[in-house]
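Below is one structure; the comments refer to it alone.
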Amino acid sequence: MSECERQTVINGPNGLTLARLALLAPCIALHRAGHPIGASAVFLIAMATDSVDGWLARRLNQRTAFGAYLDPVVDKIVVLAMFYELAWSGLIPMAAAHLFLAREFLHSAIRSTAALQGLAVGANWMGKTKAFFQILVIAGALLAPMLGPAGSAAERNARLWIGAGAWATVALSWIFFFVFAYWNRMVLIGKNSGGR
């Protein structure tokens, strides 16, 4: 890689994207250490960079193919890692985490199929809506221990609502996936449709 190419890849927006990934470890560490406010704050800061890096790339005219690929990959890693962390902690159902993982694999498969045909399938309102509810569920689950001691009525109610929120978000994400797959059905059978 030439110096010019290296400078193009290593820029502010891509640095923010990588910072989002780097914040995953302290978020998990704070959660396991029993610091719900700290864990939730770090997670929300990390996810806030998702809006800033894209805006910054457009503002500074620093959009790169690497950044366009890296951004959604980092989003998936952070969100899925947090869902599994919360599932292992018993805060959300493990089956919900598995269904999120399966959905993301299938979604990525469609995007990869489109890329092989020279098409770019960009983000849309469904993806942003799904991400919003995922962030809401994760932040709520991280804060759940503050609602009462383990085994208390308040804690049990919090787990019930968080579990319901997780399942509702799973259902929404799969509905959006099937709509996305339908929109890109021509890509799946090898006839370029342009995607959405």
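Plus 272 on top of the position in the sequence shown (first one is 1) and you've got my numbering. Virtual Cβ for every residue (Gly too), placed ideally from N, Cα, C.
_If contacts are defined as beta-carbon pairs under 8 Å, then Lys296 and Ala318 qualify, I think. What distance do you get, rounded to the angstrom?_
For the sequence presented, residue 296 should be read as Leu rather than Lys. Yes, they are in contact, since the Cβ atoms of Leu296 and Ala318 sit about 7 Å apart, within 8 Å.
*Among Ala443, Gly412, Leu371, the one whose alpha carbon lies nearest that of Ala427*: One detail in the question is off: residue 427 reads as Glu in this sequence, not Ala. The shortest C-alpha separation from Glu427 is found at Gly412.
*Pick from Gly399, Leu408, Ala387, Val459: whose alpha carbon is nearest that of Ile241?*
Past the boundaries of the shown model lies residue 241; the chain is included only from 273 to 468, so the question cannot be answered.
_Within the region 405-464, ranges of the alpha helix (DSSP H) (whole runs, at least 4 residues)_ = 425-455, 457-460
*Could you tell me which of His303, Ser445, Ile282, Arg375 sits nearest to Met398, measuring between CA atoms?*
Ser445
*Within this structure, are the beta carbons of Ala368 and Trp439 separated by less than 8 Å?*
yes
*Below 8 Å CB to CB, which residues in the same chain sit around Met273 once its five sequence neighbours on both sides are set aside?*
Per-residue confidence for Met273 stands at a pLDDT of 47, beneath the threshold of 50, marking its modelled position as unreliable; no derived number is given.
*Nearest to Gly339 by alpha carbon, out of Pro285, Phe448, Leu358?*
Pro285
*What residue range is occupied by the uninterrupted alpha helix (DSSP H) comprising Leu385?*
The sequence shown places Thr at residue 385, rather than the Leu named in the question. Element bounds for Thr385: 366-388.
*asked:* Within a Cβ cutoff of 8 Å, which residues of the same chain sit near Ala395, ignoring the five residues on either side of it in sequence?
replied: Pro344
*Assign Thr441 to buried or exposed, taking buried as 16 or more other Cβ atoms, counted over all protein chains shown, within 10 Å of its Cβ.*
buried
*Return the chain-ordered list of same chain residues with a C-beta closer than 8 Å to the C-beta of Ser380, the five sequence neighbours on each side being excluded.*
Lys348
*asked:* Going by beta-carbon coordinates alone, are Thr289 and Val346 separated by less than 8 Å?
replied: yes
*Three or more C-beta pairs below 8 Å linking the region 369-378 and the region 415-429*: no
*asked:* Taking the straight line between their C-alpha atoms, what separation do you get for Phe448 and Phe405?
replied: 13 Å
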